[in-house]
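Notes follow once the structure below has been shown.
Residue numbers (this note's numbering): -11 to 486.
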């Protein structure tokens, strides 16, 4: 298909295209900035906050799986308790330049990156107790620093524009950046396949990736400094912690997402590295190929259509009847494809390919799920302001982080006990000894069907999540009137004083 003149102009002058702005729309340079920062956040969190740290503790530090589950879940719960203070600090503090979100990212990024790298340093402590104490201390430090940065970054999606259409457009770019950034940590999978690539130990591989992903991710975080905060706060503050979070009782959208997250977190499952690390397939020439290497390639191939479809998320949501419908379609597709994948298995390369065909199908609606979620939560900040007069990006996003961390901690706790039930032996990986027959029989169905069960139950709160266009338009219109009145009153005060 021939390119249009507009498309040709974008290719010839990409910088000019990014700096240009259509009337009534957000500048592309800001959208690219928040997308780039989100990609950096995904790289760092995908390394430090996801299941790789769990695997590092079991396979490099040789800490017992149930202990790792208890340790990481305890840290997540403790950090979740601290999160309300993070949100309150962000909502209450306004920096000299008038912003309340971006400066947190600018000031804390280097320290957060350093703490993330320190998570993957094996100091060779001989005592397991010392290793556990070190992991808890550094993980908690990183989690708290990351809370300030992530809460601020999430808050920008709500504060970037008073118009829900532009916030939804921002959510597209943010989720696109999140998807792209999340690819990089998955490159660890083939490197760790069958014990380690290029003769490198798992210890060295983890440190190398921590330096690259956490350092590179922190550099991308600074792109958020291009983003403007356009919404002026009209409320009188959010009071203390209890009053601040008490306001969130009006935010039924957020509360339903909390329920969705916690239901999914209770699902028994394991991360993909435990499934694929010791699987390989024979080749005709007598050699073999690691399943981990194939999966890393298939993940990218399966995810490319989903990444592309994010750019059309708002149009697709309009076609299917709104963001809530997107959530329902994504959950149903995820459930069905997981059931099919569980029945196919991974006993051959051909079957593995079929599994990732299912993944590609599932990822298409799931690629828009994140856009829908971010868009609805951003809208919920407006809804709470409309109901209470208080602007709560900080406490709303910290509440989102709180439940995300509780869910993450619960998920790791469940995963630790699941691995223990399966009979996983970390030392078998380095020694290249197969896992038990019991493990090999049940790890695949647990991996696929456990999450499907959680997705099925989570449909209940998703069906209850309604924010019709009529209400959204009413909220935006009345808030615009309030802000205009507040700005007018602010300008009159100095005149009266003179």
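The C-beta atom is built at its ideal place from N, Cα and C for all residues, glycine as well.
Q.
For residue 167, tell me which candidate among 94, 297, 346 and 108 has the shortest Cα-Cα distance.
A. Answer by Cα proximity: 297.
Q: Assess, as a yes-or-no matter, whether the region 32 to 43 is touched by the region 374 to 386 under the definition of 3 or more beta carbon pairs within less than 8 angstroms.
A: The region 374 to 386, when compared against the region 32 to 43, does not touch it at the 8 angstroms Cβ threshold.
Q.
Rounded to whole angstroms, what is the Cα-Cα separation between residue 273 and residue 246?
A. In a straight line, the C-alpha of residue 273 is about 52 angstroms away from that of residue 246.
Q: Run the CB neighbour count on residue 311, radius 10 Å, all protein chains shown included, and call it buried at 16 or more, exposed below.
A: Burial state of residue 311 is buried, judged by a 10 Å Cβ sphere holding 16 or more other Cβ atoms.
Q.
For residue 140 and residue 89, which I take to be in contact (beta-carbon distance under 8 angstroms), what is that distance rounded to the nearest angstrom?
A. Contact flag correct, Cβ pair sits at about 4 angstroms.
Q: Spatial neighbours of residue 374 within its chain, please: CB distance less than 7 angstroms, with the 5 preceding and 5 following residues excluded, ordered by chain position.
A: Excluding positions up to five away in sequence, the list reads 463, 466 and 467.
Q. Can you tell which of 457, 395, 207 and 27 has the C-alpha that lies nearest to the C-alpha of residue 367?
A. Selected option, being the one with the closest Cα: 457.
Q) So residue 134 and residue 97 are in contact, right, with Cβ under 8 angstroms, and what is the actual spacing, rounded? A) The distance from the Cβ of residue 134 to that of residue 97 is about 10 angstroms, inconsistent with a contact at the 8 angstroms cut-off.
Q. Contact check, residue 47 vs residue 417 under 8 angstroms by CB: the rounded distance?
A. Confirmed, about 6 angstroms.
(Q) Please give me, in chain order, every unbroken run of the alpha helix (DSSP H) with length at least 4 that falls completely inside the region 51 to 86. (A) Fully enclosed alpha helix (DSSP H) runs of no fewer than 4 residues occupy 53 to 80 of the region 51 to 86, in order along the chain.
Q: Determine, using beta carbons only, whether residue 190 and residue 302 come nearer to each other than 9 angstroms.
A: Cβ distance not < 9 angstroms, so residue 190 and residue 302 don't count as in contact.
Q) Residues in its own chain within less than 7 angstroms of residue 103 by CB, not counting five upstream and five downstream? A) In the same chain as residue 103, and ignoring 5 residues on each side of it, the C-beta atoms closer than 7 angstroms to its own belong to 126, 129, 130 and 133, in chain order.
Q | First and last residue of the uninterrupted beta strand (DSSP E) at residue 153 | A | No beta strand (DSSP E) contains residue 153, which is instead part of the alpha helix (DSSP H) from 152 to 171.
Q. Looking only at its own chain, which residues have a Cβ that is under 7 angstroms from the Cβ of residue 288, when we skip the five neighbours before and after it?
A. Once the five neighbours on either side are set aside, the close Cβ partners of residue 288 are 171.
(Q) Using a Cβ distance threshold of 8 angstroms, determine whether the region 406 to 425 contacts the region 77 to 92, with at least three qualifying pairs required. (A) Contact annotation: the region 406 to 425 does not touch the region 77 to 92, with fewer than three C-beta pairs closer than 8 angstroms.
Q.
Quick check on the DSSP output: what are the complete alpha helix (DSSP H) runs of length 4 or more inside the region 394 to 425, in order along the chain?
A. Whole alpha helix (DSSP H) segments, 4+ residues: 415 to 419.
**Q.** C-beta contact flag for residue 409 and residue 334 at 9 angstroms
**A.** Using a Cβ distance threshold of 9 angstroms, residue 409 and residue 334 do not count as a contacting pair.
Q) Under the rule that 16 or more other beta-carbon atoms within 10 Å means buried, what is residue 225, buried or exposed? A) Here residue 225 scores only 48 on pLDDT, less than 50, and its place in the model should not be relied on; the value that follows carries that caveat. Looking at its Cβ environment, which holds fewer than 16 other Cβ atoms inside 10 Å, residue 225 is exposed.
Q) Relative to the alpha-carbon of residue 201, which residue among 173, 219 and 155 has its alpha-carbon at the smallest distance? A) Of all alpha-carbon atoms in 173, 219 and 155, the one lying nearest the alpha-carbon of residue 201 is that of 173.
Q: Could you tell me which residues DSSP pairs with residue 491 in its beta bridges?
A: Nothing can be reported for residue 491: it is not among the residues displayed for the chain, which extend from -11 to 486.
Q: Using 10 angstroms around the beta-carbon of residue 350, count the other beta-carbons present and answer buried if the total reaches 16, otherwise exposed.
A: With 16 or more neighbouring CB atoms inside 10 Å of its own CB, residue 350 falls in the buried class.
Q: Could you tell me whether the region 279 to 286 touches the region 425 to 443, where touching means 3 or more Cβ pairs closer than 8 angstroms?
A: Taking 8 angstroms as the limit for Cβ pairs, the verdict is that the region 425 to 443 does not touch the region 279 to 286.
**Q.** Euclidean distance between Cα positions of residue 33 and residue 107
**A.** Rounded to the nearest angstrom, the two C-alpha atoms are 12 angstroms apart.
Q.
Within the continuous alpha helix (DSSP H) that includes residue 263, where are the two ends?
A. It spans 260 to 264 - the alpha helix (DSSP H) in which residue 263 sits, taken as one unbroken run.
Q) With C-beta atoms as the reference, is residue 443 less than 9 angstroms away from residue 365? A) No. Outside cutoff.
Q. Does the ligand ATP have a heavy atom nearer than 8 angstroms to the CB of residue 205?
A. The ligand ATP is absent from the structure shown, which contains no ligand whatsoever.
Q) Around the C-beta of residue 472, are 16 or more other C-beta atoms found within 10 angstroms, so that it is buried, or is it exposed? A) Label assigned to residue 472: exposed.
Q) Hey, out of 73, 122 and 369, whose CA is closest to residue 219's CA? A) Per the Cα distances, 369.
Q: Give the range of the alpha helix (DSSP H) segment to which residue 334 is assigned.
A: Per DSSP, residue 334 belongs to no alpha helix (DSSP H) and is neither H nor E.
Q. Over what stretch of residues does the alpha helix (DSSP H) that includes residue 42 continue unbroken?
A. Element bounds for residue 42: 39 to 47.
Q) Near residue 336, which residues of its chain fall below 8 angstroms by C-beta distance, leaving aside the five closest residues on each side in sequence? A) For residue 336, the CB contacts under 8 angstroms within the same chain, skipping 5 residues up- and downstream, are 269 in chain order.
**Q.** Buried or exposed (CB count within 10 angstroms, at least 16 for buried), residue 117
**A.** By the 10 Å Cβ count, residue 117 comes out exposed.
(Q) Given this structure, state the Cα-to-Cα distance separating residue 474 from residue 388, to the nearest angstrom. (A) Straight-line spacing of the CA atoms in residue 474 and residue 388 works out to 29 angstroms.
Q | Same chain, Cβ closer than 8 angstroms to residue 63, five either side skipped, listed in chain order | A | Answer for residue 63: 124, 127, 128, 131 and 397, listed in chain order.
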